[in-house]
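Chemist:
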Amino acid sequence: MTSFKAELWRQFYLYKRYTFNYISDFFLLILMFMAIFWGGSLVGGGVLGKSLNALVVGYVLWSLIQNTISQMGTTVMNNAKSGILEQQYLMPISSKRLFLNKSIVNIIVSLAQAILILIVVMFFTNHWIKFPPVMIIPFLLALVVTVGLGYLIVSLVLRFKRIGSTLIIFQYIYLGVLLINFENYNDITKYLSCLLPICPMVSWMRLAINNKPYNIAFYFGGSLFNAILWVLIGLFIFRLTDKYVKKNGTLSLY
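In full-length UniProt numbering, the protein residues as written are 1 to 254.
(1) Is it right to say E7 is buried, meaning 16 or more other beta carbons lie within 10 angstroms of its own, or is it exposed?
(2) Helix, strand or coil: how does DSSP classify N226 here?
(3) Under three-state DSSP, which class holds T250?
(4) Quick one: using the 10 Å Cβ neighbour count with 16 as the cut-off for buried, is G58 buried or exposed?
(5) Of the choices P132, Y172, W128 and L141, whose alpha-carbon is the least far from that of L224?
(6) Any idea what DSSP makes of N67, helix, strand or coil?
(7) Since W9 is in the alpha helix (DSSP H), which residue starts that stretch and which ends it?
(8) Whose CA, out of P133, P132 and L118, lies closest to the CA of N126?
(9) By how many angstroms is the C-alpha of T74 removed from the C-alpha of G164?
(10) Just how far apart, CA to CA, sit T189 and P197?
(11) Going by the beta-carbon positions, is the gap between S103 and M72 smaller than 8 Å?
Have a look at this one:
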């Protein structure tokens with residue numbers, strides 16, 4: 001708990017010290033959404049598809065993933081560069097617990113930012129969404145997936161050190177993936193989409209928001225499977241990478 005509090009306070013002081021930079025990032029995300037929204041409106045539907053709700057939900061969840069992953073990757077890369085990462089590995093807690101704390105703090109901060117983005121987006125589009133209570137389940141499961149993705153990103157940083165370009169490519173490819181309405185495709189595509197992180201949760205939330213009939217057993221099972229799958233993948237890759245960098249003494253950037 002002490003290490004978690006320390007990580008929480010560290011994040012707070014970073015936001016306090018570099019407020020202007022974080023505000024700029026926030027408005028950049030808003031401008032990106034408005035560009036997609038206005039662009040889709042100009043082409044008569046386009047990426048907006050049949051529902052603005054689908055676009056809003058997909059984009060807000062993407063911003064949550066993007067902030068969590070980019071913050072995690074950037075923090076670990078900077079720590080490796082400055083030598084702080086080696087010091088953190090000397091702490092009296094396991095490396096798995098260390099990065100779990102970082103991941104949870106990043107999720108808390110990114111969740112607050114995602115809620116603000118949602119409010120601002122609904123204000124600018126004048127499209128206020130009513131969220132049914134059942135959305136809590138897929139949203140919480142989506143947060144669980146981000147923990148697994150956090151471990152996966154940490155593993156890549158520990159192994160390859162500089163993955164800034166990879167993070168950028170992943171973020172914008174995945175934005176397109178989250179905006180795809182897999183729930184409107186055939187059963188095979190729906191089942192395959194359950195292998196992609198957070199996709200079944202996004203489909204479930206879009207259906208719930210739009211009050212469309214759906215198989216709740218399928219989406220609950222698919223979302224639960226997705227959450228467990230990506231947490232296990234993240235932990236497995238992290239365990240292998242953690243052993244590798246310790247054995248070869250390659251924690252530092254150089």
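Even glycine gets a Cβ: it sits at the ideal position worked out from N, Cα and C.
Modeler: Reading from the atomic positions:
(1) buried
(2) helix
(3) coil
(4) buried
(5) L141
(6) helix
(7) T2 to R17
(8) L118
(9) 8 Å
(10) 14 Å
(11) yes
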